Structure formats: C-alpha cells, structure tokens
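In our numbering, the protein residues as written are -18 to 422. So the structure is just underneath, and the comments pick up after that.
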C-alpha cells in the first residue's frame, strides 16, 4: 500500500488521519454555547443531572448512559434527549433526539442529518431574511397601531376635561335655576294670594249689596246662583260644577249634557268674577303668568338635573389607566352572524336581533374582567334576558389589538353564554423586544 513512499512519509500520513479522527471525535454535536462548559474534554463526564459519572469517550457514542440523556446530545440513543440546532442566521431551537439522522431535515442548517443519506440544504439564511422582513413589517404595523392608540388616548384625555368642564357649567346653571325656582314659587304664591283676596273682597261686597234693605234681592239673583254653583269658591264656574248642582233636578231619564250645563251656567250667572272686575282679571292674569314662569323653569331644571345625572354616571366609569377606552362610550358595533345581528354598545349593553326583528338582551355592562396584570383586556356584560330552561344570558368581550375598531367575532361556547372579540388600537401593547433571528451564536 505504501510502496511508493518512504517510511517517514507513511508515518506522517497516518498521524494526520488519526489527528483528524481525534478532532472530529472532540466535536460535540447537538449542544448550545451555554452547555459547552459541561462538555470540555477530560477523562470523565458527569451527567448534567449529577446522577452518574462516565468516561468522556462515551459521550455521543450512540449508547444512552445518563438518565437525562445528556451524554448523547448528538445521537438518537436517549429517548429523553434533545438536539440543539444552531441555525446560524435564523432562530436556534431544540428538536427531540429521536429526529437525529432520521432522514428528515429538521434543522435549517442540516446539522441533524450529519450521517444520513438525505441531502439537506442549509436554508437558514433565506429563512432569516424572510423572518426579518416579516418582523419589520409587523413592527411598522404595530407602530401605526400604537400611533393610533396615542391619538385615542389624547382624544380621551381631552374629552374627559371637556366633560368635567361641562359638568361644572351644568352645576352652575342648576344652582341659578334653583335660585329662580325659589323666587318664582314665592312670586306665584303672592300673586295667587292677591287674586284670592280680590275675589273674596268682591264676593263680600256683592253679598253686602244683596243683603241691604234697598236691594232688589231675589232668591234666584245672579250673585246667589253664582255662589251656589261656585262650590270650590275660586271665583269661577266650571262645567263640572254646573252639572253637579243642576243634574239632580233634571228628569231621571234625561241627564244634563255638557253643552246644556254650559248654557245653564251662562243664563243670568257670571262665569267668572274676573270677567266683570278688571282688577281681579289683572290679578288672575299675573298669577297665571307666575305659574307659567314657574313651570318653564321647573322643566328647565329637570332637564339640567337629568344631564348632570347622566354626565356623572358617564364620568364614574373606569375607562382605563389613561382613559384610552373613553372614545368607545356612546358608540355601537354590529356584526351579522347567520340570521342574527349582534350589537355591542361598550359600557352599555349587548343585544341580539333576529330576522323577525325581535331584540334580546345578552347582558348589560358589568365590569372589566381581565387578569390583574392586564385588567382591560376583557369586558363582562351580565344580567341579560333568561334563556328558556337555561341560565341568564351573559357576554364576555375580548379586546384584541387591531388597526380599526370593529366587532370581529361572536361565539356561543355554552348555552346562553356568549364570547365576542372587539378589535381596537387601544388594546395594542408595545413589544418588550422583538424575537431575534438567532439567540445563540
């Protein structure tokens, strides 16, 4: 075999071959940089779990000596072992040791098929470039969503301040109206007392004149009839008063109609003292005006009171740590699923409308229901309409990150228990760090 070479040259060739074999044996496959310290070549190898000491030449000898499989990181000998794909230029990861040299390319750098007949190509560079492009695209999209979120936060803060200022203005208006109400109630009472006093004085004067010796008093004089018909002594006669007094004397088969009562009341009987006395007429008019003014201010006060109540209720809701969800108030979002139209009105209610137009409540605003570390990722709507032979309808709304604010899905995982997904930029969170394309080099 070595007939054409000298003995010295043959020794050199053999030494080189033996050295290359030795170097190859010292290359421990299937371990990461963080684990290389356990595989420094020495006389013995301690299993990583500390359970056993073996000669170092038994590492990766295709026989499982350690219970944790740490002596065979580069072979399929240990059922619990794992092989580390370095994947330079892409993401490193582990695969089960059973996949080593199984004829299937699992590592993009082809390191898992070092003894198989499968021609694996190193695709890590292309995969890394593709993932970096995807990450950059996702970063741009996330950046746009976070920009929209910031705009909505600023809008929420501005709206909150406007509502607070509106509440202060309404409170001032309410206080002014309350003062007006107090004054108008006094004014109305005074005007009514003046009108009543004038009526009493006029009635008294007429009674005195009727009872004087020189008067031509007749039992059926207008004043007497007026006093008889004016049962509530308010200085005027109504149709009801005439019917009440004159109907009993009518024939039992013919009751006094309203028109007849009006005619009877007008015949020789003054319908109101204000029709005869201009002073009484002016006093009654002033009292009526005071009552009308009071009613107008009372209506205005009631309107302002309702606005203050609604505004305080709106401002009492938790809209997030930065009031980022305030913009959702007074908005509603719909989604059609089969023959039903679902409508979500954040901080108000959830409804379901059938094709026939029947509307069913799926719950009213309850509270935030997310975990302590992220409480604003779920909304709970409860106490909806009861199901037939079932529980009360409730809805859980999951808030997910998205460029637009829209209702994306509605499901009913259990009877009368609904789950919705509401997409909105305000649910987006900054990425703590982008996943690297290569964690260990």
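Note that beta-carbon positions come from the ideal geometry of N, C-alpha and C, so glycine has one too. From a predicted model like this one, the values you see are computed outputs, not experimental measurements.
query: Expressed to the nearest angstrom, what Euclidean distance is found between the alpha-carbon atoms of residue 86 and residue 410?
result: 36 Å
Cβ contact (3+ pairs, closer than 8 Å) linking the segment 386 to 393 and the segment 363 to 372: no
task: In the DSSP assignment, find the alpha helix (DSSP H) that holds residue 293 and state where it starts and stops.
output: 259 to 296
task: May I have a chain-ordered list of the beta strand (DSSP E) segments no shorter than 3 residues that lie completely inside the segment 371 to 409?
output: 375 to 382, 387 to 395, 398 to 405
message: Closest to residue 157 by C-alpha separation, out of 279, 387, 345, 348, would be which residue?
response: 279
- prompt: Would you call the CB atoms of residue 96 and residue 82 closer than 8 Å?
  reply: yes
task: Label residue 401 either buried or exposed according to how many other C-beta atoms from any shown protein chain fall within 10 Å of its C-beta, with 16 as the threshold for buried.
output: buried
task: Can you grab the Cα-Cα spacing for the pair residue 338 / residue 385, in whole Å?
output: 28 Å
query: Quick one: Cα of residue 142 to Cα of residue 361, how far?
result: 27 Å
query: Count the other CB atoms within 10 Å of the CB of residue 291; is the residue buried (16 or more) or exposed (fewer)?
result: exposed
message: Below 8 Å on the Cβ atoms is my contact criterion, and I expect residue 88 with residue 107 to pass it. Report the Cβ-Cβ distance as a whole number of Å.
response: In fact, because the Cβ distance is near 14 Å, the residues do not count as touching under 8 Å.
query: Counting pairs of beta carbons, one from the segment 256 to 273 and one from the segment 166 to 180, are three or more of them closer than 8 Å?
result: yes
field: Inter-residue spacing [alpha-carbon to alpha-carbon] between residue 15 and residue 101
entry: 26 Å
query: Just reading off the beta strand (DSSP E) that residue 77 is part of, what are its end residues?
result: 74 to 77
query: Going along the chain, which residues of its own chain have a beta-carbon closer than 6 Å to the beta-carbon of residue 331, five neighbours each way excluded?
result: Shown here for residue 331: same chain residues with a beta carbon closer than 6 Å to its own, the five before and five after excluded, namely 325, 343, 344, 362, 376 in chain order.
field: Close beta carbons around residue 151, own chain, < 8 Å, minus the five adjacent residues each side
entry: 285, 288, 289, 292
- prompt: Where does the unbroken beta strand (DSSP E) through residue 65 begin, and where does it stop?
  reply: Unbroken beta strand (DSSP E) run through residue 65: 63 to 66.
task: Report the rounded CA-to-CA distance for residue 297 versus residue 134, giving the unit in angstroms.
output: 18 Å
- prompt: Are there 16 or more other CB atoms within 10 angstroms of the CB of residue 182, so buried, or fewer, so exposed?
  reply: exposed
- request: Could you give the DSSP three-state label for residue 185: helix, strand or coil?
  value: helix
query: Beta carbon of residue 380, beta carbon of residue 348: below 8 Å?
result: no
query: Apart from the five residues just before and just after residue 57, which ones in its own chain have a Cβ nearer than 6 Å to its Cβ?
result: 78, 79, 81
query: Comparing alpha-carbon positions, which option in 184, 37, 352, 33 lies nearest residue 8?
result: In terms of CA proximity to residue 8, 37 leads the group 184, 37, 352, 33.
query: With 16 other CB atoms within 10 Å as the buried threshold, where does residue 405 fall?
result: buried
field: Close-in-space but distant-in-sequence residues of the same chain around residue 103 (CB under 8 Å, 5 per side omitted)
entry: Closer than 8 Å at Cβ, skipping near neighbours: 89, 90, 91.
- request: Report yes if the CB atom of residue 155 is closer than 8 Å to the CB atom of residue 282, and no otherwise.
  value: yes
- request: Indicate the three-state DSSP secondary structure (helix, strand or coil) for residue 18 in the structure shown.
  value: Helix.
query: Helix, strand or coil: which one does DSSP assign to residue 88?
result: coil
- prompt: Nearest CA to the CA of residue 309: which residue from 209, 137, 11?
  reply: 137
message: So, under 8 Å CB-CB, residue 30 and residue 39 are touching, yes? Tell me the CB distance rounded to an integer number of Å.
response: With a Cβ gap of about 16 Å, residue 30 and residue 39 do not count as contacting.
Cβ-based neighbour list, residue 318, same chain, cut-off 6 Å, excluding 5 preceding and 5 following: Exclusion of the five residues before and after residue 318 leaves 391 as the residues of its chain whose Cβ lies within less than 6 Å of its Cβ.
- prompt: Does DSSP put residue 155 in a helix, a strand or coil?
  reply: helix
task: Compare the Cα-Cα distances from residue 75 to each of 12, 148, 214, 176 and report the closest residue.
output: Of the listed residues, the one whose Cα sits closest to residue 75 is 12.
- prompt: What did DSSP end up calling residue 105 once you bin it into helix, strand or coil?
  reply: Residue 105 sits in a helix when the DSSP states are folded into three classes.
task: In the DSSP assignment, find the unbroken beta strand (DSSP E) run with residue 362 in it and report its ends.
output: 359 to 363
- prompt: Taking the continuous beta strand (DSSP E) assigned at residue 323, which residues delimit it?
  reply: 321 to 326
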